[in-house]
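With the sequence shown counted from 1, adding 7 to any position gets you this note's numbering.
Glycine residues also receive a C-beta, built at the ideal position from the N, C-alpha and C atoms.
Read the structure below first, then the notes.
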Amino acid sequence: MWGLKFRCEGMYFVSFRKPVTTSLSLTYKLPPFTAIRGMIGNALGMPRDSFEIQNWFKIGMRVEGKIEIGKEMAKFLKMISRKSCYKCKDCGFEKISESKPKKCPNCGKENIVKVEKIIYERAFPSSPMHREFLIMPKYWIYLVGEERKVNKIYNALKNPERPLYLGTSDDLVDIEVFEPVKVKEVEENEINSILDGIYENCILEKLPYKFIPVKDRKGKLKEVYSEYKLVSIPRKFPYLSENPIKVWDFGDEFIRVF
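What follows is the structure in structure tokens.
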């Protein structure tokens, strides 16, 4: 197997929003695995809904320096409409509503069906809320995969098809890429990366790991689910484990990838 490492530095502020609340905009302390794959896919020039590279490689991470989190007030515009269009099959009357009406307001019959229709609203609710962001974070990213694919990613990161960012499209990153090396799996107590699972003296974070696409009978993308992974972020590196852990030897670093 071959390994590739590169250093990412947020040029200003970076935010990896947690989708767990609508009253606050919290951030993960690390880039989600999905965001890293998305950045690499962006460098390769892949389309947005491409899930091809999810099985190309495994990922390891290390934080450089201290994680600094700031807060600001931001105004969020809620663009998602909860209303749907319902149509009477008898008279053709249409009604925009949040729930299905029992009877047609026009003819009084109960033959009501939901129809696919874009709902345009004149005004959208908005509200100010606290938004967390990371201040110029720095990360080391490690990839382990087949030689051909690792070399392809290396060349793409050196000469990306599109501007590279992590988080939102405004969060540009500066990347330093190192040449691919041959790596081997070993067992060690001294770990230079984050760990999967729960370990002592670590910060726990549940990160989006991969997307699971669901297609309809015609093969079209219907919806996408997220798979999460619990990781432990050591407060300092290297992390000393009581028992040996399977890691990948990158020469001067032992990295846990998943």
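Could you give the DSSP three-state label for Y161: helix, strand or coil? DSSP places Y161 in helix when its eight states are reduced to three.
Quick check on the DSSP output: the beta strand (DSSP E) that includes I1 runs from which residue to which? Since the displayed the chain opens at 8 and closes at 265, residue 1 lies outside it and no answer follows.
Short check: CB of F23 to CB of A50, under 8 Å? No, Cβ-Cβ distance for F23 and A50 is not below 8 Å.
In the DSSP assignment, the beta strand (DSSP E) including N49 goes from what residue to what residue? That residue, N49, is in no beta strand (DSSP E); its alpha helix (DSSP H) goes 40-51.
Between W147 and R44, is the Cβ-Cβ spacing less than 8 Å? One thing to note: W147 has its Cβ no nearer than 8 Å to the Cβ of R44.
On the three-state DSSP scale, how would you describe E154? When secondary structure is reduced to three states using DSSP, E154 falls in the helix class.
CB contact below 8 Å: F20 versus chain D: In the structure shown, chain D cannot be found, because there is only a single protein chain.
Pull up the CB-CB distance for V180 and Y161, whole angstroms please, since I reckon it's below 8 Å. No, V180 and Y161 are not in contact; Cβ-Cβ is about 17 Å, not under 8 Å.
Going by alpha carbons, who is nearest to Q61 out of P39, R224, G174? Out of P39, R224, G174, the CA that lies nearest to the CA of Q61 is found in P39.
Bridge partners - D203, DSSP secondary structure assignment: Beta-bridge pairing by DSSP links D203 to V238.
Are the CB atoms of V254 and D203 within a distance shorter than 8 Å? Taking 8 Å as the Cβ cut-off, D203 and V254 do not qualify as a contacting pair.
Would the beta-carbon of D256 fall within 8 Å of that of K159? No, these two residues do not count as a Cβ contact at 8 Å.
Round the Cβ separation of V157 and L247 to the nearest angstrom and send it over; I've been treating them as touching at under 8 Å. Taking 8 Å as the upper bound for CB-CB distance, V157 and L247 are not in contact here, some 29 Å apart.
Inter-residue Cα distance where the pair is R155 and P170: Rounded to whole angstroms, R155 to P170 spans 23 Å at the Cα level.
Going by DSSP in three states, E212 sits in which element: helix, strand or coil? It is a strand residue.
Residue nearest to K107 in terms of C-alpha spacing, selected from I119, F100, C114: Comparing Cα positions, the closest option is I119.
By DSSP, does N118 sit in helix, in strand, or in coil? In the structure shown, N118 falls within a coil segment according to DSSP collapsed to helix, strand and coil.
Evaluate M18 with the Cβ neighbour count: other Cβ atoms within 10 Å of its Cβ, from every protein chain shown; 16 or more gives buried, anything less gives exposed. Per the 10 Å Cβ criterion, exposed.
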